[in-house]
Each structure stands twice: as structure tokens, then as C-alpha cells.
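Numbering (this note's numbering), first residue to last: 11 to 349. Using N, Cα and C, we set each Cβ at its ideal position, and we do this for glycine too.
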Amino acid sequence: MNILGFSLPKLVEIFEQNGFSKLDAKRVFPWLHIKLAKTFDEMSDVPQKVRQELKEKFSISVGQCEILQKSADGTQKALLKLEDGNLIETVFIPEEKRNTICVSSQVGCAMGCKFCHTGTQGFIRNLSAAEIMSQVIFWKRKFPISNIVFMGMGEPLLNYENLSAALELLLAEKVHNFSRTKITVSTCGILEGQLQQLAKFGVKLAVSLHAPNDNIRSQLMPINRKYNIVALLPILKEYKKSSNTEYITFEYLLLKDVNDSAECAEELAKILKNFPAKVNLIPYNDWPDSKFHRSTQEIIDKFFSILFKHKIRVTTRKARGTDILAACGQLKSKSKRNN
Ligand code: SAH
Ligand code: SF4
11 MNILGFSLPK LVEIFEQNGF SKLDAKRVFP WLHIKLAKTF DEMSDVPQKV
61 RQELKEKFSI SVGQCEILQK SADGTQKALL KLEDGNLIET VFIPEEKRNT
111 ICVSSQVGCA MGCKFCHTGT QGFIRNLSAA EIMSQVIFWK RKFPISNIVF
161 MGMGEPLLNY ENLSAALELL LAEKVHNFSR TKITVSTCGI LEGQLQQLAK
211 FGVKLAVSLH APNDNIRSQL MPINRKYNIV ALLPILKEYK KSSNTEYITF
261 EYLLLKDVND SAECAEELAK ILKNFPAKVN LIPYNDWPDS KFHRSTQEII
311 DKFFSILFKH KIRVTTRKAR GTDILAACGQ LKSKSKRNN
């Protein structure tokens with residue numbers, strides 16, 4: 011059993027169930043999350059005999075790094091092989107003042123968004139809390155990490171239990187100690203109570219909107235037929251309030267001739283008027299066989315300026331790591347083809 015996903019009280023419980031002591035758990039825990047030990051052998055304050063027994067029952071696995079790709083801009087993408095052979099990807103994005111990692115929450119995704127490569131692969135399984143933490147620990151062993159975004163493979167709110175266990179570890183003082191403002195959970199908009207629960211962590215929320223109306227959004231994102239824009243907005247407003255966050259980020263992928271017209275920008279400005287929103291315009295990362303294409307820079311700039319004119323807070327995401335296909339689901343598919 012991989013023990014990277016347990017809070018200290020949970021680790022104590024698991025240890026006691028397996029014949030170890032509370033003190034053993036208290037000694038092992040900081041080795042896992044603070045000193046980032048790779049093996050039980052490193053845990054010098056744990057008696058040798060206990061270390062031996064721990065090795066027999068538990069693992070500290072961050073997965074096998076199958077491929078580590080480095081982009082010319084410093085972005086790195088790792089393909090991690092899990093204990094059952096499934097592959098997930100996680101990305102490291104260095105910037106001037108921060109180092110962000112992008113973390114996966116599921117193997118595959120059931121949401122089937124048309125533009126998303128992960129979406130075309132279908133759903134395989136949820137990641138355990140340990141597997142979510144593994145990605146963080148994998149990068150923390152290499153770099154100081156300041157920000158985490160749940161924008162890798164999968165829909166984090168459909169793996170709420172393990173997401174929240176990981177968030178507890180990430181936010182805990184004297185453990186990973188991330189500030190709640192440095193963690194962003196991205197969702198396609200699942201409205202079954204998870205958002206209300208997530209609010210207690212106070213983490214930032216990003217919502218994949220990608221369209222200014224239900225007609226376009228339903229064509230791109232099947233989930234919109236269940237939870238449409240009208241249903242989404244009031245619940246997001248509520249999240250903003252109860253999580254005490256400053257605004258909701260709306261991710262808007264610009265897809266050539268699909269959702270990138272001036273009319274779309276006007277319509278978007280209208281629905282977000284008086285909403286505590288920040289729009290993040292995302293240049294599309296093409297993948298082989300995708301039906302969609304990136305909008306031209308001119309169109310992106312135009313779209314931006316319309317939102318700006320309407321006083322909507324707006325940013326354009328810099329395309330990072332495009333030379334290594336550092337977008338949702340792409341490394342995995344590439345390696346599959348190579349096999
Ligand atoms: N399932 C969640 C989080 C993972 S996807 C969600 O949908 O929000 C993270 C972000 O990457 C989403 O905004 C998604 O729409 C976007 N994305 C998916 N495929 C992409 C691509 N090919 N290029 C750029 N962004 C993409
Ligand atoms: Fe799933 Fe997000 Fe991709 Fe949609 S965009 S298929 S929700 S990972």
C-alpha cells in the first residue's frame with residue numbers, strides 16, 4: 011500500500027491496524043512529506059527493525075518516470091507509470107516568480123469534451139490520494155514548487171474524496187504548507203454538491219467555460235446538457251462567497267471559427283457583467299487528429315480587447331511547452347503511438 015496519501019491521523023490509524031505504533035507513524039510522516047524520503051531506509055530515527063517491517067507492508071511510490079520531456083522554455087512533462095501500469099502525466103512550468111505544477115486527478119476522463127485529448131480516451135479510473143500526492147512529491151524532489159493547478163488529466167470534482175484528502179495534506183501547516191491562494195482546482199462544472207464542499211478549503215476555482223452560450227458549449231462539452239451556463243453561474247457566485255476567494259477564473263479556449271468571433275466576445279462580456287470573474291483566454295494546443303485549431307494571434311488579440319473594453323478582468327495564457335505537447339492528455343497518447 012502506497013502511504014503518500016494519508017494525513018497524520020489517518021497514518022496513525024493505518025499503522026496501528028498493521029501492528030505499528032503511533033510513535034512510528036509520527037516519525038515516518040515528516041520523512042514522507044517534509045524530508046521527501048524515497049525509501050524507509052533513510053528514516054534514521056525509525057528503528058531498523060521497524061523500517062524492515064514497514065518495507066514489507068507499505069510503499070512510498072511516486073510511480074516510475076517513463077518519460078521526462080524538457081521544453082526549450084523550461085517546461086517539463088513527466089509520464090508516470092502507476093503501480094497497476096496505468097500512465098498519467100504531470101507538468102512543471104517555471105516562471106520568473108513562481109514554479110507551477112499541473113497535476114492529474116484521474117486516468118482518462120468521462121466528460122468527453124470534444125477538443126480535449128484526454129476526453130477522447132474515456133475514463134479508466136480515479137487516482138488515489140497517494141497518486142495525486144505522488145505527482146507533487148515527484149516535482150518537489152527536483153524543484154521548489156509554489157503553485158499547483160489541477161488541470162492535468164481528469165475531472166477533479168468527480169474524484170472529490172481523494173482530491174480533498176490531497177488538499178488537506180497540501181494545505182496543512184508544517185506539512186506541505188501551500189497557501190490556499192496558490193492552489194487552483196479546474197472543473198468543467200460539476201454541480202452535485204462537490205463545489206459547496208470544496209469551498210471550505212478556500213482554494214481558487216477555475217471553470218472551463220469555453221463558450222458564451224449553451225448552444226456552442228453543449229456542442230463542445232457534453233456536460234453542458236446536464237449543467238448549463240444558467241445553472242452554473244449562481245453556484246459559482248456562491249462558491250466565490252463561501253470560499254472567500256477573490257474571483258472565479260473562467261477558462262476560455264479559443265477555437266478557430268468555433269467560439270472566437272467578436273460576437274462571442276460581446277456575448278461573453280454580457281453574461282459575465284457584474285460577475286466576480288477573471289477570464290483566462292487559452293490558445294488551443296492542437297493534437298494529431300483533432301478537429302479543432304488554434305485561433306490566430308490577431309483573433310486572440312481582438313477577443314481580448316473586446317473583453318477589456320467591457321472592463322472584464324482578462325488574461326491570455328502564454329502557450330508553454332508546445333514543443334513537447336504540454337497539454338491535457340497529449341504525452342500519454344504520443345507514447346501510446348510509439349509502442
Ligand atoms: N477537467 C478539468 C481539468 C482538466 S482540463 C476541466 O475541464 O477544467 C484543464 C484545462 O485544459 C481545461 O480548461 C481544458 O478545457 C483545457 N484543455 C483541454 N484540452 C486542451 C488543449 N488541447 N489545449 C489547451 N487546453 C486544453
Ligand atoms: Fe475531462 Fe477536462 Fe478534458 Fe473535459 S477538458 S474531457 S472535463 S479533462
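Whole-angstrom distance between residue 290 and residue 312, CA atom to CA atom = Residue 312 and residue 290 have their C-alpha atoms some 14 Å from each other.
Hey, could you find the ends of the beta strand (DSSP E) residue 262 is sitting in?
-> First-last of the beta strand (DSSP E) with residue 262: 258-264.
Can you find a heavy atom of the ligand SF4 that lies under 7 Å from the Cβ of residue 132?
-> For the ligand SF4, no non-hydrogen atom lies closer than 7 Å to the CB of residue 132.
Mind pulling the beta strand (DSSP E) runs of 3 or more residues that sit fully within the segment 161-205?
-> Whole beta strand (DSSP E) segments, 3+ residues: 193-197.
Coil, strand or helix - residue 372 by DSSP | With the chain represented from 11 up to 349, any question about residue 372 goes unanswered, as that position is not in the structure.
Buried or exposed: which applies to residue 199, given that a residue is buried once 16 or more other Cβ atoms fall within 10 Å of its Cβ?
-> Buried, by the Cβ-count rule.
At a cut of 8 Å, does the segment 66-75 reach the segment 101-112 through at least three beta carbon pairs?
-> As far as the Cβ criterion goes, the segment 66-75 does not touch the segment 101-112, which means the pair count is below three.
Is the distance from the Cβ of residue 287 to the Cβ of residue 316 below 8 Å?
-> With respect to residue 316, residue 287 sits apart: the two C-beta atoms are not nearer than 8 Å.
Would you kindly report the start and end of the unbroken beta strand (DSSP E) that includes residue 133?
-> Boundaries of the beta strand (DSSP E) around residue 133: 133-136.
Where residue 102 sits in the DSSP three-state scheme | Strand.
If you compare alpha carbons, which of 19, 133, 330, 14 is closest to residue 117?
-> Measuring from the Cα of residue 117, the nearest candidate turns out to be 133.
For residue 85, which residues of its own chain have a beta-carbon under 6 Å away from its beta-carbon, when the five flanking residues on both sides are left out?
-> Correct list, in chain order: 103, 330, 331, 336.
Near the ligand SF4, which residues have their beta-carbon less than 5 Å from any of its heavy atoms, given in chain order?
-> Residues flagged by the Cβ proximity filter: 119, 121, 123, 126, 128, 129, 165, 198.
With a cut-off of 8 Å on the beta carbons, I'd call residue 119 and residue 165 a contact; round off their distance for me.
-> Between residue 165 and residue 119 the Cβ distance is about 6 Å, and since that is below 8 Å, they are a contact.
Okay, do the segment 216-225 and the segment 179-191 touch, 3+ Cβ pairs below 8 Å being the bar?
-> Taking 8 Å as the limit for Cβ pairs, the verdict is that the segment 179-191 does not touch the segment 216-225.
What did DSSP end up calling residue 13 once you bin it into helix, strand or coil?
-> It is coil, neither helix nor strand.
CA-to-CA distance, residue 272 to residue 240, given in whole angstroms | Distance between residue 240 and residue 272, taken at the CA atoms: about 22 Å.
Using DSSP with H/G/I as helix, E/B as strand and the rest coil, what is residue 290?
-> Taken through DSSP and simplified to helix, strand or coil, residue 290 comes out as strand.
Hey, could you find the ends of the beta strand (DSSP E) residue 215 is sitting in?
-> For residue 215, the uninterrupted beta strand (DSSP E) run begins and ends at 214-218, by DSSP.
Mapping DSSP to helix, strand and coil, what is residue 129?
-> DSSP, reduced to helix, strand and coil, places residue 129 within a helical segment of the structure shown.
Just the Cα atoms here: how many angstroms apart are residue 328 and residue 191?
-> In a straight line, the C-alpha of residue 328 is about 20 Å away from that of residue 191.
What is the residue span of the beta strand (DSSP E) that residue 235 lies within?
-> Annotation: residue 235 is outside any beta strand (DSSP E) and is labelled neither H nor E by DSSP.
Figure out for me which residue from 29, 285, 266, 42 has the closest Cα to the Cα of residue 140.
-> The residue with the shortest Cα to Cα distance from residue 140 is 42.
In angstroms, rounded to a whole number, what distance separates the CA positions of residue 149 and residue 99?
-> Whole-angstrom Cα-Cα distance: 12 Å.
In angstroms with no decimal places, state the Cα-to-Cα distance between residue 320 and residue 174.
-> Roughly 36 Å separates the two Cα atoms.
Hey, residue 305 and residue 333: beta-carbon distance below 8 Å or not?
-> No, Cβ-Cβ distance for residue 305 and residue 333 is not below 8 Å.
Does the distance from the C-beta atom of residue 17 to that of residue 178 stay below 8 Å?
-> With respect to the 8 Å criterion, residue 17 and residue 178 are classified as neighbours on the basis of their beta carbons.
Regarding residue 208 and the ligand SAH, is the C-beta to nearest heavy atom distance less than 7 Å?
-> No, Cβ of residue 208 sits at least 7 Å from all heavy atoms of the ligand SAH.
Status (buried if at least 16 other CB within 10 Å, exposed otherwise) for residue 348 | The predicted model places residue 348 with a pLDDT of 44, which falls under 50 and marks its position as unreliable, so this point remains unresolved.
Those residues which DSSP pairs with residue 77 across a bridge = In DSSP, residue 77 forms a bridge with 89.
As assigned by DSSP and simplified to three states, the class of residue 97 | DSSP places residue 97 in the strand class (E or B) of the three-state scheme.
Distance cut-off 7 Å: residue 136 Cβ against heavy atoms of the ligand SAH = Remark: the C-beta of residue 136 is outside contact range of the ligand SAH, defined as less than 7 Å to any heavy atom.
In the DSSP assignment, find the unbroken beta strand (DSSP E) run with residue 117 in it and report its ends.
-> Segment 116-118, the beta strand (DSSP E) holding residue 117.
Excluding sequence positions up to five away, which residues of its chain have a Cβ less than 7 Å from the Cβ of residue 234?
-> If you ignore the 5 residues before and after residue 234, its C-beta comes within less than 7 Å of the C-beta of 224, 227, 228, all in its own chain and listed in chain order.
Boundaries (first-last residue) of the alpha helix (DSSP H) holding residue 274 = It spans 272-281 - the alpha helix (DSSP H) in which residue 274 sits, taken as one unbroken run.
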